[in-house]
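Chemist:
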Amino acid sequence: MKLLKFFLIGVYFGIVLIKGEVVSWFRIQEMFHFRSFYMYGVLGSAVVVGVVSVALIRALKIRSADGSEIKLAGKPFNKVGNLTGGIIFGFGWALTGACPGPLYALLGAGYWAILLAIAGALAGTIAYGYLKPHLPH
Amino acid sequence: MLDFLSSSWPWYVTGPLLGLMVPLLLILGNKQFGVSSSLQHLCAATLPLNAAYFKYNWKAQAWNLALIGGVIVGAAIAATVLDGAAAPALSQSARELFASWGVASIDALQPAELFSLQHLFSARTLVALLFGGFLVGFGARYSGGCTSGHAVMGLSLLNVGSLVAVIGFFIGGLLVSHLVVPIVMAL
Chain A
7 MKLLKFFLIG VYFGIVLIKG EVVSWFRIQE MFHFRSFYMY GVLGSAVVVG VVSVALIRAL
67 KIRSADGSEI KLAGKPFNKV GNLTGGIIFG FGWALTGACP GPLYALLGAG YWAILLAIAG
127 ALAGTIAYGY LKPHLPH
Chain B
124 MLDFLSSSWP WYVTGPLLGL MVPLLLILGN KQFGVSSSLQ HLCAATLPLN AAYFKYNWKA
184 QAWNLALIGG VIVGAAIAAT VLDGAAAPAL SQSARELFAS WGVASIDALQ PAELFSLQHL
244 FSARTLVALL FGGFLVGFGA RYSGGCTSGH AVMGLSLLNV GSLVAVIGFF IGGLLVSHLV
304 VPIVMAL
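Same order as they appear, the protein sequences are chains A and B. Using this note's numbering, read the first sequence as starting at 7 and increasing by one per residue. Using this note's numbering, read the second sequence as starting at 124 and increasing by one per residue.
Written as structure tokens, this is what we have:
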């Protein structure tokens, strides 16, 4: 039952990804070629809402629904890993026109060819898992 | 309401609705928004992999798998009930760019040149989707997050590592979208 709320938040996220056209290969290429403000507006305003939300949670000491203190520690800073991994991710983002959220959303929307990209992403994850001890972070 | 949901959304509707994922998950579940760790959990849950990276209690992260299960269902609802497969209102200059790449199927959410099943095992689709997907998975896990975990959640926390990762996303994306995608689409 605890998982149901996350499932429902996911349903909301899936609707926004599809209706917001964030899943569209066209929108991603348009963004990287600076042919439209659309995706920059989407990402920028999403971050503004996120920053304001986190600031309000901090300032008002808002607690989580179960009464626990909300964890706001960021991920560790790995100079090499963040940048190198980020660049590799960017290569893939442009090639597929999809990042991980859209991979799942496109599957739900019935674009079956995306199974190739999901299989690729799982293979990439496995490759990283085995190479991790040998990679600089 | 259904009319509004079914119409095409402007950026200032989509962006804030996306940003709301941050407080929704923090307040309702005390979880930080992120999608790409689900790839690791899926591997750990289903495959007999002996690398240390896959040896952990993935069940403690089952919320993340519930989230992506929801994404799949939500996307199916959007596509069937809410007219979610409609073509984006692309800019004229973008349309000209795609035409110059030989992408003819411009009035759809996705180009048929990549997503039509008749092209499934063409060199173009294999490079763009299979190999591109590999880079998405490898890169997201190497950088410790994706557009959700770094660009939306990480930047909302003003996290330095996330900013570095997002800069990386755009360096990589700009290079490949300008130099490689036109060649791949011509395959």
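Idealized CB from N, CA, C, for every residue including glycine.
From A/L128, A/I93, A/L101, A/F97, pick the residue whose C-alpha is nearest to that of A/Y110; which is it?
Modeler: Of the candidates A/L128, A/I93, A/L101, A/F97, the one whose C-alpha sits nearest the C-alpha of A/Y110 is A/L128.
Chemist: Which first and last residues belong to the alpha helix (DSSP H) in which A/H140 is found?
Modeler: First-last for A/H140: undefined, no H or E at that position.
Chemist: Would you mind giving the Cβ-Cβ distance between A/S70 and B/L149, rounded to the nearest angstrom? I have them listed as a contact below 8 Å.
Modeler: Contact holds; Cβ gap of about 7 Å.
Chemist: Would you say A/L23 reaches chain B, if we count a Cβ-Cβ gap shorter than 8 Å as a contact?
Modeler: Chain B contact via Cβ: present.
Chemist: So which residues on chain B does A/K67 lean against when the C-beta distance must stay under 8 Å?
Modeler: Per Cβ cutoff of 8 Å: no residues; A/K67 is ~12 Å from chain B at best.
Chemist: Under the rule that 16 or more other beta-carbon atoms within 10 Å means buried, what is B/F127, buried or exposed?
Modeler: With fewer than 16 Cβ atoms within 10 Å of its Cβ, B/F127 is classed as exposed.
Chemist: Are there 16 or more other CB atoms within 10 angstroms of the CB of B/F254, so buried, or fewer, so exposed?
Modeler: Burial call: buried.
Chemist: Identify whether A/R69 lies in helix, strand or coil by the three-state DSSP scheme.
Modeler: Looking at A/R69 - three-state DSSP - the assignment turns out to be strand.
Chemist: B/Q233 touches chain A at which residues, Cβ-Cβ below 7 Å?
Modeler: Per Cβ cutoff of 7 Å: S30, W31, Y117.
Chemist: Helix, strand or coil: how does DSSP classify B/E219 here?
Modeler: Correct three-state label for B/E219: helix.
Chemist: Determine, using beta carbons only, whether B/L310 comes closer than 8 Å to chain A.
Modeler: It does not; no Cβ of chain A falls within 8 Å.
Chemist: Is A/E75 helix, strand or coil by DSSP?
Modeler: Strand.
Chemist: In chain B, what lies closer than 7 Å to A/R41 by C-beta?
Modeler: Residues of chain B passing the Cβ test: S214, S216, A217, L220.
Chemist: Say whether the stretch 259-272 of chain B touches the stretch 85-95 of chain A, bearing in mind that this needs 3 or more beta-carbon pairs closer than 8 Å, one atom from each stretch.
Modeler: Because the criterion of three Cβ pairs below 8 Å is met, the stretch 259-272 of chain B and the stretch 85-95 of chain A touch.
Chemist: With a threshold of 8 Å between beta carbons, is A/P106 in contact with chain B?
Modeler: Cβ-Cβ to chain B under 8 Å: yes for A/P106.
Chemist: Determine the closest residue to B/V136 out of A/L49, A/W99, A/K85, with distance taken between C-alpha atoms.
Modeler: When only C-alpha atoms are compared, the closest one is A/L49.
Chemist: Tell me which residues share the same chain as B/S131 and place their Cβ nearer than 8 Å to its Cβ, disregarding the 5 neighbours each side in the sequence.
Modeler: These residues qualify, in order along the chain: A209, P211, A212.
Chemist: Can you tell me the Cα-Cα spacing of B/V196 and A/T102, whole angstroms?
Modeler: Distance between the alpha carbons of B/V196 and A/T102 is about 22 Å.
Chemist: Going along chain A, which residues have a C-beta under 7 Å from B/Y179?
Modeler: None at all; the shortest Cβ gap to chain A is about 11 Å.
Chemist: In angstroms with no decimal places, state the Cα-to-Cα distance between A/L10 and B/V194.
Modeler: Roughly 13 Å separates the two Cα atoms.
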